[in-house]
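For reference, the structure discussed in these notes is given below.
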Amino acid sequence: MTEEELRAYNGSDSEKPLLMAIKEKIYDVSTSKMFYSPGGSYAMLAGRDASRALAQLSFKLEDFNGSLEGLSDAQLKILQDWEYKFMDKFARVGQLVLKKTPTENKTEEESFGIRLVLKASKADMLQEIKIVEQHGLQKDSHP
1 MTEEELRAYN GSDSEKPLLM AIKEKIYDVS TSKMFYSPGG SYAMLAGRDA SRALAQLSFK
61 LEDFNGSLEG LSDAQLKILQ DWEYKFMDKF ARVGQLVLKK TPTENKTEEE SFGIRLVLKA
121 SKADMLQEIK IVEQHGLQKD SHP
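Under the UniProt record's numbering, the first residue of the sequence shown is numbered 1, with each subsequent residue one higher.
Structure below.
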């Protein structure tokens with residue numbers, strides 16, 4: 001399920017279960033409708049990957065996403081505690097499928113080619129450019 005598809009399970013349609021995600025794992029929180037349905041204390045978390053908001057103990061709209069980038073060790077520990085609570089209390093019903101950036105879509109071989117360029121000495125630069133070009137990159141895209 002994509003993040004966009006998950007948003008349809010935010011409680012706005014009483015025929016659908018209430019779903020939310022933590023660390024890309026989707027849980028059915030319908031057994032706690034009083035908290036997660038519209039008007040509930042945690043309604044803003046339903047239909048989203050709430051990882052960042054839970055880690056930061058934040059109710060800011062910009063934190064209602066699954067990004068873990070820049071979180072401290074303490075915040076990651078808080079998130080792990082939340083995940084354990086969800087694992088104990090709610091059924092896991094799916095996994096988020098995230099849209100990847102062009103760089104994230106690269107194969108391991110393509111990533112390896114990029115690493116070679118970053119580590120290349122001047123004497124090896126021509127060979128490294130050939131490796132990178134085999135993976136569809138431009139000569140001017142490396143340092």
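Positions of the beta carbon are idealized from the N, C-alpha and C atoms, including for glycine.
Computed from a prediction, not measured in an experiment: that's the story for all the values here.
Closest in alpha carbon position to residue 61, among 31, 88 and 48, is 48. Here residue 78 has 55 as same chain residues with Cβ atoms under 6 Å from its own Cβ, once five neighbours each way along the sequence are excluded.
With a contact defined as Cβ atoms closer than 8 Å, residue 50 and residue 1 miss out at about 15 Å. For residue 81, the enclosing alpha helix (DSSP H) starts and ends at 73-89. Here DSSP, grouped into helix, strand and coil, assigns residue 25 to strand. In this structure the segment 9-23 touches the segment 75-95; the number of beta carbon pairs closer than 8 Å is three or more. A distance of 8 Å or more separates the beta carbons of residue 11 and residue 27. Annotation: residue 74 to residue 85 spans about 17 Å, alpha carbon to alpha carbon.
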